[in-house]
Structures are given as C-alpha cells and as structure tokens.
Amino acid sequence: SGVDTTFVKQIEGTEGSILIILTQPDGDWTVMQSNEKSLKITSEQIPDCLVLSQYKIMHIDAYVYTSKDHRKIVESAITQARKANCIISIDTSVPITQYEPEYVLELFSKCDIIFLNDDEASNLNKIDIHQKPIETLQNLSADLVILKQGESGSTIISKHNYGNAPAFQVKIKDTIGAGDNYAGVMLQKLCNRYSLYEASLWGSAAGSLACLGYGSLSYRYTEQDIQKIISTLKNTNGTK
5 SGVDTTFVKQ IEGTEGSILI ILTQPDGDWT VMQSNEKSLK ITSEQIPDCL
55 VLSQYKIMHI DAYVYTSKDH RKIVESAITQ ARKANCIISI DTSVPITQYE
105 PEYVLELFSK CDIIFLNDDE ASNLNKIDIH QKPIETLQNL SADLVILKQG
155 ESGSTIISKH NYGNAPAFQV KIKDTIGAGD NYAGVMLQKL CNRYSLYEAS
205 LWGSAAGSLA CLGYGSLSYR YTEQDIQKII STLKNTNGTK
C-alpha cells in the first residue's frame, strides 16, 4: 500500500513542512511534525479592532501558542479582541499542559471559554481529575469550561453549576479533529443563540462525525448529518 505522495510539491530553497500522524486501532493518535522555519505569525497579521468588532468570538488554537516565538503575538491578539468586545475562547494540548502548565493557566486567565480533555486537565491541576473535576475546574477564571471526555461525553462547567452532554456512538476510524469540530460547532451555535445544552449537543455530534474518516479532512459531513445523529438520541430518550 504505502503512502501516497503524488500531491507533495518540493520548492527549491526551502526546507518545507512535514506532518506524520500515526493512528492506533482504537482511534487514538500521535503526531511527528516539522514546520518550515520561515512560517511565523507576525503582528501585522493580527486584525485591528475595527475588523474584530464584526465578530462575536475569537478562538485560540493550542498549537498557535506552543511556540514561544508566537506567544506575545497571541497575547496581543487577545488584547485587540478585548477592545473589540469579543468573547475569547481557547483550547489546549497534552504536550504543552504537560511541560508548561503554568503558562497555559496564565493564558487561560485571559479567556472566557476553555476547551480541554481529561488528560490536559490532569496535567494542569496535578490531581486525579476523576476525583474532583468540577470543583477544580470551577476555580479557573473562565466563565465556561468544557471538559471533553471522549465516549463519556462532555461536562459543561460554569462558576456555579454544571451539566453533561452525551457522546454519540460511531464507528471510529481516528479521532483527529474531533475536538476542533466540537469546539467550532458549539461556538457557532452559541453565536446563534442556542442554549448551552443544545450548543454542546451539536458540538458533541460534530466531534463524533469527525471520527468517521482518517485525518481531519477525509470525511465531510453536513448540518443535516448533525441533525440526524442528534435526532437518534432524542428518539432514544422518547422526545421529539
């Protein structure tokens, strides 16, 4: 079988970037990555307040702040978004929470919505997240924390309350992009005034559908697909 490299282009004078993703039979995965050194975020690429004011939420992906070279620019973007009255959303990753938990917590303190999974939460809090997850995550400064728990669904945590959103059972090929799909769809539904539970349900369904293909782009789903998978849950519960 091998690896199809027909789409790869070599540009003379550049090192290029390569990303190798290794997927296990249960859908879990790990990454080996090397980025082109000239690819960097610059302050000129950060939209000004006028542009940001047209948006409700600015989301920060974990791999944007993994590099120390990018952190001042990320923090500058947060400042700009605050001036534009944007809500700040952020997610994280296992490596950076493991090796630089203090910085991640500092960055979290500047955000309104946090997405993370059990392993990331354990790395940050240095405790068994299965013992006191709610109380621990409520101590974070964010208004909303979404604890993603795979096949167990997710826990939606505010300062004074919490609730659960179920997972959807699918035949997993790999879980690449599941968290990104969850966050993106949930935030989009919150922007459209869905309730917190309904938005998290849509996010959970999107994350599940993302597991039906290898890689993050091999399986494309539609809004109708999300509605269909949500309807199976509601029908099971005896609701319309």
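Each number in the working numbering comes from the position in the sequence shown (counting from 1) with 4 added on. Built from N, CA and C at the ideal position, the CB exists for glycine as well.
inquiry  = As a quick exercise: from 105, 163, 80, 126, pick the residue whose alpha carbon is nearest that of residue 116.
reply    = Distances from the CA of residue 116 to each of 105, 163, 80, 126 were compared; the closest alpha carbon is that of 163.
message = So, under 8 angstroms CB-CB, residue 150 and residue 172 are touching, yes? Tell me the CB distance rounded to an integer number of Å.
response = Actually they do not touch by this definition, with Cβ atoms about 16 angstroms apart.
request  = Assign residue 178 to one of two classes, buried (16 or more other C-beta atoms within 10 Å of its C-beta) or exposed (fewer than that).
outcome  = It is buried - the Cβ of residue 178 has at least 16 other Cβ atoms within 10 Å.
query = What are the complete alpha helix (DSSP H) segments, minimum 4 residues, inside the stretch 76-117?
reply = 98-103, 105-112
key: Same chain, Cβ closer than 8 angstroms to residue 183, neighbours up to 5 away in sequence not counted   = 95, 119, 121, 152, 211
Close beta carbons around residue 140, own chain, < 6 angstroms, minus the five adjacent residues each side = 129
inquiry  = According to DSSP, simplified to helix, strand and coil, what is residue 201?
reply    = helix
inquiry  = Once the 5 residues before and after residue 105 are set aside, which same chain residues still bring their CB inside 7 angstroms of it?
reply    = 127, 128
task = Determine which residues share a DSSP beta bridge with residue 149 and list them.
result = DSSP, once it has assigned bridges, lists 118, 161 as partnering residue 149.
request  = Taking only the alpha-carbon atoms, compute the straight-line gap between residue 215 and residue 188 and give it to the nearest angstrom.
outcome  = 15 angstroms
message = The beta strand (DSSP E) that contains residue 183, what's its start and end?
response = Unbroken run through residue 183 is the alpha helix (DSSP H), 182-195; no beta strand (DSSP E).
message = Just to confirm before moving on: does the CB-CB distance between residue 209 and residue 180 stay below 8 angstroms?
response = no
inquiry  = On the criterion of 16 or more Cβ atoms from any shown chain inside 10 Å, does residue 84 qualify as buried, or is it exposed?
reply    = Buried, by the Cβ-count rule.
key: Whole-angstrom distance between residue 19 and residue 69, CA atom to CA atom   = 22 angstroms
ask   = If residue 77 sits next to residue 45, beta carbons under 8 angstroms apart, how far is it from one beta carbon to the other, in whole angstroms?
value = 5 angstroms
task = Can you give me the Cβ contacts of residue 100 inside the same chain, cut-off strictly under 7 angstroms, excluding the 5 residues immediately before and after it?
result = 66, 70, 108
ask   = If we count the other Cβ atoms within 10 Å of its Cβ and call it buried at 16 or more, is residue 4 buried or exposed?
value = For residue 4 there is no data in the structure shown, the boundaries of the chain being 5 and 244.
inquiry  = At the level of alpha carbons, what is the spacing between residue 223 and residue 48?
reply    = 34 angstroms
ask   = Looking only at its own chain, which residues have a Cβ that is under 6 angstroms from the Cβ of residue 155, when we skip the five neighbours before and after it?
value = 171
inquiry  = Suppose contacts are defined by Cβ-Cβ distances below 8 angstroms. Is residue 198 in contact with residue 206 by that definition?
reply    = yes
ask   = Since residue 57 and residue 40 are thought to touch, with beta carbons under 8 angstroms apart, how far apart are those beta carbons, to the nearest angstrom?
value = Rounded, the Cβ-Cβ distance is 33 angstroms, inconsistent with contact.
request  = Output the distance between the C-alpha atoms of residue 124 and residue 176, rounded to the nearest integer angstrom.
outcome  = Cα-Cα distance, rounded: 22 angstroms.
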